[in-house]
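A.B. asks: There's a structure below that I have some questions on.
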Amino acid sequence: MRNKSGILVVGCLGFIGILVLIGIITAVVVWGQRGTAIALDEKIKSQHVANKSNYDNMWKRFKEMAQVTDMQADDIKKVYTDLIAGRYTNTQALFQTIQEQNPQMSSTLYTKLQNEISSARTEFDRNQKKIADQVREYNTHIRKHALMNAIFHFETMDAEKFIITSERTSDAYQTGKDNEVKLR
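UniProt numbering puts the first residue of the sequence shown at 1, with every later residue one more than the last.
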């Protein structure tokens with residue numbers, strides 16, 4: 001009888017030990033999943049700040065480049081105004097006009113601005129897609145780990161909160177319709 005009770009005690013202690021071990025392993029796994037969810041959340045927040053910085057930088061570059069073309073246009077306008085005024089005060093200037101090298105406004109600045117706009121918008125689009133993918137990864141993680149989420153109550157994120165778009169795009173998605181772009 002004593003031998004049977006000893007085996008029973010050892011068996012119960014073994015069973016309790018296995019339950020404690022399972023509990024510890026579960027806690028470690030859930031804690032690791034929580035850590036992953038927090039890391040993904042911070043990654044999204046960081047990317048959102050980076051996107052804001054990229055957006056701000058993009059518009060500042062556009063404005064600064066446009067100012068250069070405006071400055072060039074103003075300078076050429078001043079030169080032409082002075083040239084034309086000089087021609088009318090000097091009767092010989094009419095014959096000089098044929099031989100002069102008049103200043104030319106280079107189209108390379110416009111081409112450079114156009115290229116800058118295109119590349120900056122492409123970079124910003126890439127960053128927008130990156131944060132949308134990070135939100136998807138975060139939402140998938142917290143939805144897949146139901147036990148972790150039941151304990152820590154993580155909420156899914158709406159990627160729309162992090163994406164910048166235009167009224168035209170919003171209207172098109174709301175109505176399901178859009179028209180072609182008319183360049184002229």
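The beta carbon of each residue, even a glycine, is placed where N, CA and C say it ideally should be. If you're wondering where the values come from, they're calculated on a predicted model, not measured in any experiment.
1. Cα separation between N3 and K43?
2. Would you call I7 buried or exposed, if buried means 16 or more other Cβ atoms sit within 10 Å of its Cβ?
3. How about R61 and E116: do their beta carbons lie closer than 8 Å?
4. If you run the structure through DSSP and keep just helix, strand and coil, what is F152?
5. Going straight from the alpha carbon of G176 to that of K112, what length do you get?
6. Using a Cβ-Cβ cut-off of 7 Å (strictly less than) and excluding sequence neighbours within five positions of I98, which residues of its own chain qualify?
7. In this structure, how does DSSP classify H141 when only helix, strand and coil are distinguished?
8. Which of the three DSSP states is assigned to I98 in this structure?
9. Cα separation between V30 and A39?
10. Check whether the stretch 44-58 and the stretch 116-134 touch, using three or more Cβ-Cβ pairs below 8 Å as the test.
11. Let me know the secondary structure DSSP gives I18 once reduced to three states.
12. Would you call the stretch 148-165 and the stretch 60-78 touching, i.e. three or more CB-CB distances under 8 Å?
C.D. replies: According to the data block:
1. By one-based count along the sequence shown, residue 3 stands at place 3. By one-based count along the sequence shown, residue 43 stands at place 43. C-alpha separation (whole angstroms): 59 Å.
2. As a first step, residue 7 is located in the sequence shown; it is residue number 7 there, counting from the start. I7 should be labelled exposed.
3. As a working mapping, residue 61 is identified with position 61 in the sequence shown. As a working mapping, residue 116 is identified with position 116 in the sequence shown. A contact, by the Cβ cut-off of 8 Å.
4. Counting from one through the sequence shown, the residue named residue 152 turns up at place 152. DSSP places F152 in helix when its eight states are reduced to three.
5. Working through the sequence shown from its first residue, we reach residue 176 at position 176. Working through the sequence shown from its first residue, we reach residue 112 at position 112. Taking the straight line from one Cα to the other gives about 35 Å.
6. Position 98 of the sequence shown, counting from 1, holds the residue named residue 98. For I98, the pLDDT reaches just 47, beneath the cut-off of 50, and the residue's location in the model is therefore unreliable, although a value from the coordinates is still provided. So no residue of the chain qualifies.
7. Stepping through the sequence shown from its first residue, residue 141 is reached at position 141. Reduced to three states, the DSSP call for H141 is helix.
8. Position 98 of the sequence shown holds residue 98. Because I98 carries a pLDDT of 47, less than 50, the predicted location of this residue cannot be relied on, and the following value inherits that uncertainty. DSSP places I98 in the helix class (H, G or I) of the three-state scheme.
9. The sequence position of residue 30 within the sequence shown is 30, counting from 1. The sequence position of residue 39 within the sequence shown is 39, counting from 1. For V30 and A39, the distance between alpha carbons rounds to 14 Å.
10. Under the Cβ criterion (8 Å, minimum of three pairs), the stretch 44-58 counts as touching the stretch 116-134.
11. Taking the sequence shown and counting its residues from 1, the one referred to as residue 18 is at position 18. Three-state DSSP puts I18 in a helix.
12. Two segments are said to touch when three or more pairs of C-beta atoms, one from each, lie closer than 8 Å; by this definition the stretch 148-165 does not touch the stretch 60-78.
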